[in-house]
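Structure record follows, encoded as structure tokens.
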Amino acid sequence: MANKDILDKIQKLLALSKSTNPSEASIALNRAQKLMAEHNISSQDISLNSIDSQKYELKSYFRSKILIGTLASIICKAFGVDYFFNYVNSKPRGVTFVGNKDRMEIAIYTVTILQRQLEIERATYKKEHEPELKKRIDKAIAEHNATVKALLNHPIFNSAHDIMFDIFSDEDEIEKRITKKVKYAFNKELNLFLEGWLCSVNKKVIEFALSDNEAALISTYMKKNFNLTSTHSRKRNLSTAEIEAFKTGQIRGKDGFNLYSAVNGSEGNRLTFKDE
Numbered sequence: 001m002a003n004k005d006i007l008d009k010i011q012k013l014l015a016l017s018k019s020t021n022p023s024e025a026s027i028a029l030n031r032a033q034k035l036m037a038e039h040n041i042s043s044q045d046i047s048l049n050s051i052d053s054q055k056y057e058l059k060s061y062f063r064s065k066i067l068i069g070t071l072a073s074i075i076c077k078a079f080g081v082d083y084f085f086n087y088v089n090s091k092p093r094g095v096t097f098v099g100n101k102d103r104m105e106i107a108i109y110t111v112t113i114l115q116r117q118l119e120i121e122r123a124t125y126k127k128e129h130e131p132e133l134k135k136r137i138d139k140a141i142a143e144h145n146a147t148v149k150a151l152l153n154h155p156i157f158n159s160a161h162d163i164m165f166d167i168f169s170d171e172d173e174i175e176k177r178i179t180k181k182v183k184y185a186f187n188k189e190l191n192l193f194l195e196g197w198l199c200s201v202n203k204k205v206i207e208f209a210l211s212d213n214e215a216a217l218i219s220t221y222m223k224k225n226f227n228l229t230s231t232h233s234r235k236r237n238l239s240t241a242e243i244e245a246f247k248t249g250q251i252r253g254k255d256g257f258n259l260y261s262a263v264n265g266s267e268g269n270r271l272t273f274k275d276e
């Protein structure tokens, strides 16, 4: 019998030891104590058995560290769990949630629903901004071409006109680079839009009433099972377009996904989904 199975059996016996039938309670307690002695299991081990961990990998376009952290914070707030980042080659790929195993399933389900809704919001935002994105790309290419033309016509480059022309003549490659640069900036704005959306969702979440005892168990479980190190966030300088995208996300997030986490441990969770 695996150690986890033993812990589960001991927990069941301890639950039976609270029976109103004195004989049944006594037998269950004796069996639980015997198993604990045989397998050198402490009371803390029994308590920690109520805590579990589960990895969740997010899709590639949601792997911004701030975006992942914002999403994970909503889950932690709603279900009284904790989390840490999962890294691959120093890049965040998802999170591991740690908390009461009875709430873990609904917590993971909610992440899935949130990610699904984020996909819808992301696709909608991209479609709305397709014409604008094309204009930005065309404008950037036009500005580049105007700059190149001005340089080629400048007296200082007259003697090296052919060399300069060769440098700037690969129009297809240059346009690809410009398009990539503009799309990169747009994707940053897109992430800020999603962050704003999540921030509004977070404001509507009722914080789970996590007991001090369970919080301590989660902390002990994480220290015992994972070698975690602290990370430091860097200050971001946002462009005007990024700030506007964030504000748009906040406005959109005021409607849509609603998540209610019951207070005092009651599992009366209600999930509503924007397109239901």
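If you use this note's numbering, the sequence shown corresponds to residues 1 to 276, in order.
The C-beta atom is built at its ideal place from N, Cα and C for all residues, glycine as well.
Less than 8 angstroms between the beta carbons of residue 57 and residue 93, yes or no?
The answer is yes: Cβ separation under 8 angstroms.
Residues that residue 82 bridges to, as DSSP identifies them:
98
Ordered list of alpha helix (DSSP H) runs contained in the stretch 40–92, each at least 4 residues
43–48, 65–79
Given 8 angstroms, three or more beta-carbon pairs between the stretch 187–207 and the stretch 77–91:
yes
Taking the C-alpha atoms as reference points, what is the distance between residue 221 and residue 48?
If you take the alpha carbons of residue 221 and residue 48, they lie about 7 angstroms apart.
With 16 as the cutoff for other CB atoms within 10 Å, does residue 237 come out buried or exposed?
exposed
Could you tell me the alpha carbon to alpha carbon distance between residue 117 and residue 26, rounded to whole angstroms?
52 angstroms
Could you tell me how far apart the beta carbons of residue 107 and residue 148 are, in whole angstroms, since I believe they sit closer than 8 angstroms?
That pair is no contact at about 54 angstroms.
Given that a residue counts as buried once 16 or more other Cβ atoms are within 10 Å of its Cβ, and exposed if not, what is residue 64?
Result: buried.
Here's the rule I'm using: 16 or more other beta-carbon atoms within 10 Å means buried, otherwise exposed. How should residue 227 be labelled?
exposed
To the nearest whole angstrom, what separates the beta carbons of residue 55 and residue 96, a pair I think is in contact under 8 angstroms?
5 angstroms
Within 10 angstroms of the Cβ of residue 125, are there 16 or more other Cβ atoms? Answer buried if so, exposed if not.
buried
Three-state secondary structure (DSSP) of residue 137:
helix
In this structure, how does DSSP classify residue 113 when only helix, strand and coil are distinguished?
helix
Quick one: using the 10 Å Cβ neighbour count with 16 as the cut-off for buried, is residue 3 buried or exposed?
exposed
I need the boundaries of the alpha helix (DSSP H) containing residue 186, first residue and last residue.
171–203
Closer than 7 angstroms by C-beta to residue 207: which residues in its own chain qualify, once you throw out the five before and the five after it? Chain order, please.
The residues 77, in chain order, have a CB closer than 7 angstroms to that of residue 207 in the same chain once the five nearest residues on each side in sequence are set aside.
Give every residue of the same chain whose Cβ lies closer than 8 angstroms to the Cβ of residue 19, excluding the five residues on either side of it in the sequence, and list them in chain order.
25, 28
Relative to the C-alpha of residue 61, which candidate in 21, 119, 7 has its C-alpha closest?
Of the candidates 21, 119, 7, the one whose C-alpha sits nearest the C-alpha of residue 61 is 119.
What's the gap between the Cα of residue 23 and the Cα of residue 15?
Rounded to whole angstroms, residue 23 and residue 15 show a C-alpha spacing of 14 angstroms.
Using 10 angstroms around the beta-carbon of residue 10, count the other beta-carbons present and answer buried if the total reaches 16, otherwise exposed.
buried
What does the alpha-carbon distance come out to for the pair residue 59 and residue 112?
11 angstroms
DSSP three-state call for residue 206: helix, strand or coil?
coil
How many Å lie between residue 138 and residue 181 at the Cα?
12 angstroms
Taking the alpha carbon of residue 179 as the point to measure from, which residue in 215, 140, 195 has its own alpha carbon closest?
140
What span of residues does the alpha helix (DSSP H) with residue 291 cover, start to end?
Outside the shown range of the chain, which is 1 to 276, sits residue 291, and nothing can be said about it.
Tell me which residue opens and which closes the alpha helix (DSSP H) that residue 3 is part of.
3–16
Where do the ends of the alpha helix (DSSP H) carrying residue 219 lie?
212–225
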